[in-house]
Amino acid sequence: MMKNNALAESIAVLDSILYIDGKFSKGKGSRLPVLNPATSEVIGHIAAATTDEIDAAVSAARHAFASWSKLVPKTRAIALHRLGDLIAADALNMAMIMTAEQGKPVNEAKGEILKLAEACHFYAEEATRVHGEIIPNDQQGFQSLVVREPIGVVAAITPWNYPAELVGWKLCASLAAGCSIVIKPAELTPFTALAIAQKCHAAGIPAGVVNVLTGKGSQVGQALVEHPQVDKIAFTGSSAVGLHIQQSCPQVKRLSLELGGNCPMIVTASADLDAAVKGAARRSFRNCGQICIAINRIYVHRAIYEEFVTQLAAAADALSVDNGLENPAADLGAMASAEPLDKTRTHLQDALVKGARLVAGGKAPEGIQYAKGHFFRPTVIADCKHSMQVMSEETFGPLVGVAPFDDLDEAISYANDTPYGLAAYCYAQNLTEIHRVSVGLDYGNVAINNVDAGIMNAAYGGRKQSGVGYEHGREELLEYFNFKHIRLHHGVEN
Ligand code: TAP
């Protein structure tokens, strides 16, 4: 039994619900349980959307697109501002729903909900600033206009690590551009997406513009990928599933793929050591390391290596791990499921067998309160080699590997030597080093002397197997438009 009655009631309202064509109704398909990862207690169920329900959602979105896309942008902007206000006003309740299904502590979840509200306001403003171009022609009497038109029906397929923001960025940019959307959230974290749908409904966003379908990715997600009436897939998730979507898409359609990472950090001898340790501890362990831009591996100049390892181990040991509903201010909550926890243990074991030195964590926290949840202490391993899984594969858990370097070019070359290219970090105070690292890192996002690689108004995207396309910024909005060239012969000669 859930201890918090208000939370239990909020989730009960969302149990087995789909949101199609402006209506919340119980799904007709089979039920799948949703668990609280801190206790393994079943908190509710989702309905696996049936083929008829998938068709109904896509057709509602297609129908709604015809009128939504024709509204003046300011009208869509007003709706998005209303949505942002409603989300911010109910942030604590929405955060608790997220914590119950995902595990991150309530304060952190609330921060994510507030960032979703910020995205609504940002894209509301961007909606009114979409403009085209007038292009010079090669003959007198002609004028070329390049205008932007919304793509159509978007299917958003999202993972469980940021259940509000990763739905929200796609939702806000789609709506701002004039697209309609069918959202398929991760099976582990459906209730946050349904709670967002409640807010869309309350904000008066017209029926069919936003739809939410639940169920398994391999069935419901795949059906959306294959649906002939879906014009664009906006996907965030693993590189393996992203590649599968690209390969299995039976029609030509727009794709944006925000995929996995294995993010390096370089700490040079000129770095502010305290700041580097603080940054490393934050970006390695926040959300239990279940972040696409989490620091997986750290290359530290040998002159400060041992001091860095000692301080990072102490910083990791100082972090609290707890049930995120009962202790909203905990540093780490439960991991979202057994799968990322198993992978973390596997990567740790692989590194230890290959000679890494465990300096912090390495096990679940002790106590009866942790026995049924997916908890793990923040873990630091030193003396890592490039052949270890932690140094080249995505762990997606609270584990970071540290290795010494002597030559900066060698560190940059190791940092680039994975299939990924999402985010990379560097701490240095020497300007020449900063320049060499900024230019040398083959990544879509590079943060120097900070660990917040993504901000709302700058383009955010990966390279190589980390994806194609952008979220955040004006660039994300452009992902939801087709360009049209209108070449007009008006006959006036200058
Ligand atoms: P995935 O297993 O790839 O799942 C992502 C979404 O795809 C889920 O909704 C999943 O549904 C669905 N899905 C699975 N198979 C599908 C198929 N055949 N067709 C269509 N949809 C399908 O990822 P995850 O484990 O949820 O999330 C972790 C991954 O996301 C990590 O690799 C992480 O790096 C990446 N990620 C990237 C970013 C950015 S911005 N680059 C941000 C966050 C996370 P079910 O869950 O219901 O099966």
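1 is the number of the first residue of the sequence shown in our numbering; add one for each residue after it.
All residues carry an ideal CB built from backbone N, CA and C; glycine is no exception.
Just so it is clear, the structure is predicted and the values come from calculations on it, not from any experiment.
Kindly indicate which three-state DSSP category residue i falls into: helix, strand or coil?
i    : result
I205 : coil
Y162 : coil
Q229 : coil
M265 : strand
E471 : strand
Q143 : strand
L80  : helix
H435 : helix
A47  : strand
P185 : coil
A197 : helix
K385 : coil
A314 : helix
P328 : coil
S180 : strand
L399 : strand
P190 : helix
F65  : helix
Y370 : helix
Can you tell me where the alpha helix (DSSP H) with residue i in it begins and where it stops?
i    : result
A174 : In the sequence under discussion, the amino acid at residue 174 is Ser, which differs from the Ala named in the question. Taken as a continuous stretch (DSSP letters only), the alpha helix (DSSP H) holding S174 covers E165 to A177.
Y299 : First-last for Y299: I295 to H301, but that is the beta strand (DSSP E), not the alpha helix (DSSP H).
K23  : K23 -> not in any alpha helix (DSSP H); beta strand (DSSP E) instead, spanning K23 to K26.
Q349 : A338 to V353
K110 : V106 to A127
N449 : Looking at the DSSP string, N449 is not in any alpha helix (DSSP H), and its letter there is neither H nor E.
N482 : Segment F481 to H489 is the beta strand (DSSP E) holding N482; no alpha helix (DSSP H) there.
N416 : L408 to N416
I11  : N5 to L14
A100 : A91 to Q102
Following a CB-centred definition, is residue i positioned closer than 6 Å to any heavy atom of the ligand TAP?
i    : result
I157 : yes
A496 : In the structure as shown, the chain starts at 1 and stops at 494, and residue 496 therefore has no counterpart that could be examined.
Q222 : yes
W160 : yes
G469 : no
V437 : no
K216 : yes
S238 : yes
C292 : yes
V496 : The chain is shown only over 1 to 494; residue 496 falls outside these bounds and no answer can be derived.
E258 : yes
V106 : no
V241 : yes
V225 : yes
Taking Cβ to Cβ, would you say residue i is nearer than 7 Å to residue j?
i    : j    : result
G127 : P73  : In the sequence as presented, Gly is not what sits at residue 127; that position holds Ala. Yes. Within cutoff.
Y305 : P404 : yes
K484 : V252 : no
A49  : G22  : no
N457 : G473 : yes
V58  : V167 : no
E476 : A173 : yes
A88  : A117 : yes
E386 : Y425 : In the sequence as presented, Glu is not what sits at residue 386; that position holds His. Not closer than 7 Å, so no.
V13  : P328 : no
A334 : F285 : no
I233 : A155 : yes
S466 : Y427 : no
S238 : Q429 : no
T344 : G397 : yes
M265 : I293 : no
A193 : L83  : no
N445 : A423 : yes
V359 : A338 : no
H63  : G208 : yes
G373 : A66  : no
Within the continuous beta strand (DSSP E) that includes residue i, where are the two ends?
i    : result
E133 : E133 to I135
R31  : R31 to N36
C426 : A423 to Y427
K253 : Per DSSP, K253 belongs to no beta strand (DSSP E) and is neither H nor E.
L273 : Per DSSP, L273 belongs to no beta strand (DSSP E); it is in the alpha helix (DSSP H), L273 to F285.
V359 : R357 to A360
Y19  : I17 to I20
V210 : V210 to V212
V153 : V153 to I157
Does the CB of residue i have a neighbour CB from chain D at under 7 Å?
i   : result
A48 : This model lacks chain D altogether; it includes just one protein chain.
I'd like to confirm something about residue i: is its beta-carbon nearer than 6 Å to some heavy atom of the ligand ATP, or not?
i    : result
Q369 : By its list of ligands, the structure shown excludes the ligand ATP, since it contains just the ligand TAP.
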